[in-house]
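Visitor:
Protein chains in written order, with our numbering: chain A, 27 to 803; chain B, 3 to 96.
In structure tokens:
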């Protein structure tokens, strides 16, 4: 494909470095928006009973500040570097799925814009807090459309995150250069790997939560307004994601700090292996501590105590990581450069945030400091200070690589000093006024005034420090001295190529042997680069944004968006049918322990795992609501036709047989039987959906409707979600059948059929459990 | 032409259909509810296991993929236990 230039390049690019830069600019924009909101409400809090912001405007500002900073600013800021640096650090040419990488970015951008649009809607932006606690965020209390629009934007963002997660896992696991074993991965790549593994398991439940909330708000169900555990259900669904999200945000920064310390102390990290093990343990524990956000809900005391202990125990692996970082300076020839200063700042702020967090793990203390500025200070030290300082270290560390220019070191150090002072001025006073309640737009206690004014001053100093960075980096683009390939004398692969790197990263493929990096010279013929451009990811994201916005605000816009979405998806599939976007499977890469996985198959497996977590949360919701409705929940066979359900189950199981036979016939090169098997699967899928539709209509006639009661709502939502997955599978199946007609699949090329099979069988497994819980008990 | 275990696939299908019929039979004979719930969930787990092992090829594929699946299963069980355990005892407390 031809190379593009100007605006078209940025709209159509699939190159990981371009996408990294797009992420960088966009995340900095959202950082500025979120920061401006913070500066506004800090001004409100500088004086008691100030009227700069009304109560509603204040609530909107804090809600959008939290949402934007956590989801659209800090995490994507990390993924700007991940996109740019990780493929180079592992010696790959690009991400495993470049087109999906572009889709991740465009979904992220337009989801953010959709959320921001809510400011301009009647009633304004969401004012329910970033946690979207129910019943506050249900239509009875907050009927304004902005709350729903932002929830739909979050759903779009989850789609972006899921696509990105799959892409990074497949890339890091299967595209490593020869000799790049797991132990040789740079710390930043490890940080991103842990981040995406956390995302893989954490985002499904919150997606399910926002899905149910959207249905409550749009269709009038009562999942979260029901007295039978609706409010507690939301807190479970949110915090199962919300706590690991802290580590999702933090892990890339820990990776950066590790790389920066290694480079500027000029020796390997102290206890590197133990840091990685501790990192893994902390990532796992982060899932089993989340109930500490719910200590005040009256939840089972045994679970409270267990989660109090697990919360305290998570400080052990983090202690190992931080102490190892500190010991790495012992007897080192340290070079004090800006990236290292920010890395040290990140460690110091994390320690403050970590130690103050131990207080929150105590059930008794939590009762006292819950909902106060103590908590605000704690999580900003841990989540923002440690992360943002780590990512600013990344900014200065990789700026020479990305631009080919050195920044002004003196200005960099001034930036650090002002940012560090500003940050501490902003948040440390909040520990002192630990009795002040958060999320309230005013106060009357005079003793709190000085600390609030100090915090506001700190906020503006901290905000100002970013202007120094922007000035420094923009000025250095023009006047900075040439950086050369490796200005820091670092050891990782990104420093073994030019600054900035060529589109294909390396002229010759890298290979790692022991501690040596060598390059295949390929007879002196450098790699021939092919650029892939497509506008489909951008158009798909625009159409989704229009659909969601139209759904809430203006039906014709929804129709236009939906039609556009259908057209884009069709074009995408046609491009694939005619092989217009084929990236050859890389050879000679390190894939252990996934040696039998090609990119597509592995990608679909990861999709299945993320979908499994979404359904896990829906099954969790079913369990919670059913146990709270004991005695009122209808006995399955009394409502549903067990025989019809059984027949449908057997039909779906038979479709699984035809799919697995299709894979077998593709492997055997039997085109005719392959087509028959795929065709049979299609027919069986249609029959299943037809019978399901018949059942739904019959139940509706009997008064068992979407909104009649909780058991019926849950039945329609869970079986409907399953049916939607089947329809998605049928679309993929149509594509496979067209390709099979063209004789594409044979003994050597059956990846598509095999990958589809993995997905279809998963949908089958979900139904096996749905049949059991709704029809049989 | 590679040899594919087609008979095994058909055999697994027969077993899955048989277990489904057994599930329906358990409902029709009107067992005690606790036995029914336990039995139905166990049978569903066995069926899902067979689909995963033989149709999704976990039996023959890289074992690391099974670890991902097991991790998702662990979290699914964790979610169901904590969510139901938390609220059930809460009700008793009230």
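Just so it is clear, CB atoms sit at the ideal spot from N, CA and C, and this is done for glycine as well.
If you follow the beta strand (DSSP E) that residue 543 of chain A is part of, which residue opens it and which one closes it?
Guide: Residue 543 of chain A sits at position 517 when you count from the first residue of the first chain. 542-545 is the span of the beta strand (DSSP E), which, as asked, contains residue 543 of chain A.
Visitor: What whole-angstrom Cβ distance do residue 38 of chain B and residue 29 of chain B have, given they're in contact under 8 Å?
Guide: In the second chain, residue 38 of chain B corresponds to position 36, counting from 1. In the second chain, residue 29 of chain B corresponds to position 27, counting from 1. Confirmed, about 7 Å.
Visitor: Using 10 angstroms around the beta-carbon of residue 723 of chain A, count the other beta-carbons present and answer buried if the total reaches 16, otherwise exposed.
Guide: In the first chain, residue 723 of chain A corresponds to position 697, counting from 1. With fewer than 16 other Cβ atoms within 10 Å, it is exposed.
Visitor: Are the beta-carbon atoms belonging to residue 133 of chain A and residue 567 of chain A less than 8 Å from one another?
Guide: Taking the first residue of the first chain as 1, we reach residue 133 of chain A at position 107. Taking the first residue of the first chain as 1, we reach residue 567 of chain A at position 541. Yes, Cβ-Cβ distance for residue 133 of chain A and residue 567 of chain A is below 8 Å.
Visitor: For residue 535 of chain A, count neighbouring Cβ atoms within 10 angstroms of its own Cβ and tell me buried if that reaches 16, exposed if not.
Guide: Against the first chain, residue 535 of chain A aligns to sequence position 509. So residue 535 of chain A ends up on the buried side.
Visitor: Run through chain B and tell me which residues come within less than 7 Å of residue 646 of chain A, C-beta to C-beta.
Guide: Position 620 of the first chain, counted from the first residue, corresponds to residue 646 of chain A. Near residue 646 of chain A (Cβ distances below 7 Å), the residues of chain B are 81, 82, 85.
Visitor: Counting only Cβ-Cβ distances shorter than 7 Å, please list the residues of the stretch 75-94 of chain A near chain B, keeping chain order.
Guide: Answer set for the stretch 75-94 of chain A: empty.
Visitor: What span of residues does the beta strand (DSSP E) with residue 538 of chain A cover, start to end?
Guide: What you label residue 538 of chain A is simply residue 512 of the first chain in a count that begins at 1. Start and end: 536-539.
Visitor: Leaving aside the five residues before and after residue 685 of chain A along the sequence, list all residues of the same chain whose C-beta is less than 6 Å from its C-beta, in chain order.
Guide: Here residue 685 of chain A refers to the residue found at position 659 when the first chain is read from its first residue. 707, 783, 786.
Visitor: What are the residues that DSSP puts in a beta bridge with residue 202 of chain A?
Guide: In the first chain, the residue the question calls residue 202 of chain A occupies position 176. A:616.
Visitor: Is it right to say residue 470 of chain A is buried, meaning 16 or more other beta carbons lie within 10 angstroms of its own, or is it exposed?
Guide: Against the first chain, residue 470 of chain A aligns to sequence position 444. So residue 470 of chain A ends up on the exposed side.
Visitor: Determine, using beta carbons only, whether residue 639 of chain A comes closer than 8 Å to chain C.
Guide: Protein chains A and B are contained in the structure displayed, whereas chain C is not.
Visitor: Mind pulling the chain A residues with CB within less than 7 Å of residue 103 of chain B?
Guide: The structure shown does not extend to residue 103 of chain B, since chain B is modelled only from 3 through 96, so no value can be given for it.
Visitor: Reducing DSSP to helix, strand and coil, say where residue 431 of chain A ends up.
Guide: Here residue 431 of chain A is taken as the residue at index 405 of the first chain, counted from 1. If DSSP states are grouped into helix, strand and coil, residue 431 of chain A belongs with the strands.
Visitor: For residue 7 of chain A, return the contacting residues in chain B, with the cut-off set at a CB-CB distance below 7 Å.
Guide: Here chain A has residues from 27 to 803 only, and residue 7 of chain A is not among them.
Visitor: Quick one: Cα of residue 198 of chain A to Cα of residue 112 of chain A, how far?
Guide: In the first chain, counting from the first residue as 1, residue 198 of chain A sits at position 172. In the first chain, counting from the first residue as 1, residue 112 of chain A sits at position 86. Each residue's alpha carbon lies about 8 Å from the other.
Visitor: Between residue 265 of chain A and the rest of its own chain, which residues show a CB-CB distance below 7 Å, the 5 nearest in sequence each way excluded?
Guide: As a working note, residue 265 of chain A is residue 239 in the first chain. Counting only Cβ-Cβ distances below 7 Å, and skipping sequence neighbours, we find 316, 319, 320.
Visitor: Please check if any C-beta of chain A sits within less than 8 Å of the C-beta of residue 55 of chain B.
Guide: Along the second chain, read from residue 1 onward, the residue named residue 55 of chain B stands at position 53. Taking Cβ atoms only, chain A never reaches closer than 8 Å to residue 55 of chain B, which makes this a no.
Visitor: Across the stretch 435-449 of chain A and the stretch 493-501 of chain A, are there enough close Cβ pairs to call them in contact, namely three or more that are closer than 8 Å?
Guide: With a cut-off of 8 Å, the stretch 493-501 of chain A and the stretch 435-449 of chain A count as touching, because enough Cβ pairs lie within range.
Visitor: Output, in chain order, the set of chain A residues within a Cβ distance shorter than 7 Å of residue 43 of chain B.
Guide: Counted from its first residue, the second chain places residue 43 of chain B at position 41. Within chain A, the residues near residue 43 of chain B are 798.
Visitor: Looking at the strands, I want to know which residues DSSP matches up with residue 455 of chain A.
Guide: What you label residue 455 of chain A is simply residue 429 of the first chain in a count that begins at 1. Per DSSP, none; premise fails for residue 455 of chain A.
Visitor: Among A:478, A:665, A:590, A:227, which residue has its Cα nearest to the Cα of residue 191 of chain A?
Guide: In the first chain, the residue the question calls residue 191 of chain A occupies position 165. The candidate whose alpha carbon is nearest that of residue 191 of chain A is A:227.
Visitor: Within 10 angstroms of its Cβ, does residue 760 of chain A collect 16 or more other Cβ (buried), or is it exposed?
Guide: As a working note, residue 760 of chain A is residue 734 in the first chain. Exposed.
Visitor: 8 Å is my cut-off, CB to CB: does residue 111 of chain A come that close to chain B?
Guide: Sequence index remark: in the first chain, residue 111 of chain A carries index 85 (1-based). No, no contact with chain B.
Visitor: Using CA coordinates, which residue listed in A:593, A:557, A:582, A:209 is at the minimum distance from residue 610 of chain A?
Guide: Your numbering for residue 610 of chain A matches position 584 in the first chain. Per the Cα distances, A:557.
Visitor: Unbroken beta strand (DSSP E) runs of length 3 or more, entirely within the stretch 526-606 of chain A: which are they?
Guide: Correct list: 536-539, 542-545.
Visitor: Between residue 282 of chain A and the rest of its own chain, which residues show a CB-CB distance below 6 Å, the 5 nearest in sequence each way excluded?
Guide: Residue 282 of chain A sits at position 256 when you count from the first residue of the first chain. Once the five neighbours on either side are set aside, the close Cβ partners of residue 282 of chain A are 214, 416, 419, 420.
Visitor: Identify which residue in A:105, A:90, A:224 has its Cα closest to the Cα of residue 173 of chain A.
Guide: Counting from one through the first chain, the residue named residue 173 of chain A turns up at place 147. Checking every option, the nearest Cα to that of residue 173 of chain A belongs to A:90.
Visitor: When DSSP builds the beta bridges, which residues end up paired with residue 508 of chain A?
Guide: One-based indexing of the first chain puts residue 508 of chain A at position 482. Residue 508 of chain A is bridged to A:431.
Visitor: Per DSSP, what kind of secondary structure is residue 113 of chain A in: helix, strand or coil?
Guide: Counting from one through the first chain, the residue named residue 113 of chain A turns up at place 87. In this structure, residue 113 of chain A counts as helix in the three-state DSSP scheme.
Visitor: Let me see if you follow: with CB-CB separation under 8 Å, is residue 791 of chain A close to chain B or not?
Guide: As a position in the first chain, residue 791 of chain A is number 765, starting the count at 1. With 8 Å as the cut-off, residue 791 of chain A counts as an interface residue toward chain B.
Visitor: Pull up the distance between the alpha-carbon of residue 791 of chain A and that of residue 675 of chain A, whole angstroms please.
Guide: For the purposes of this step, residue 791 of chain A is taken as the residue at position 765 of the first chain. For the purposes of this step, residue 675 of chain A is taken as the residue at position 649 of the first chain. The alpha-carbon atoms of residue 791 of chain A and residue 675 of chain A are separated by roughly 10 Å.
Visitor: When you compare only the Cα positions, how much space is there between residue 411 of chain A and residue 669 of chain A?
Guide: Along the first chain, read from residue 1 onward, the residue named residue 411 of chain A stands at position 385. Along the first chain, read from residue 1 onward, the residue named residue 669 of chain A stands at position 643. Computed Cα separation, rounded: 59 Å.
Visitor: Output needed in chain order: residues of the stretch 667-694 of chain A with a Cβ under 9 Å from some Cβ in chain B.
Guide: Listed in sequence order: 668, 669, 671, 672, 675, 676, 679, 680, 682, 683, 685, 686, 687, 689, 690, 691, 693, 694.
Visitor: Is the beta carbon of residue 239 of chain A closer than 8 Å to that of residue 158 of chain A?
Guide: Walking along the first chain from the start, residue 158 of chain A turns up at place 132. Walking along the first chain from the start, residue 239 of chain A turns up at place 213. Result yes, Cβ atoms of residue 158 of chain A and residue 239 of chain A sit closer than 8 Å.
Visitor: Could you work out which residue in A:616, A:795, A:773, A:712 is closest to residue 206 of chain A when comparing CA atoms only?
Guide: Taking the first chain and counting its residues from 1, one reaches residue 206 of chain A at position 180. The candidate whose alpha carbon is nearest that of residue 206 of chain A is A:616.
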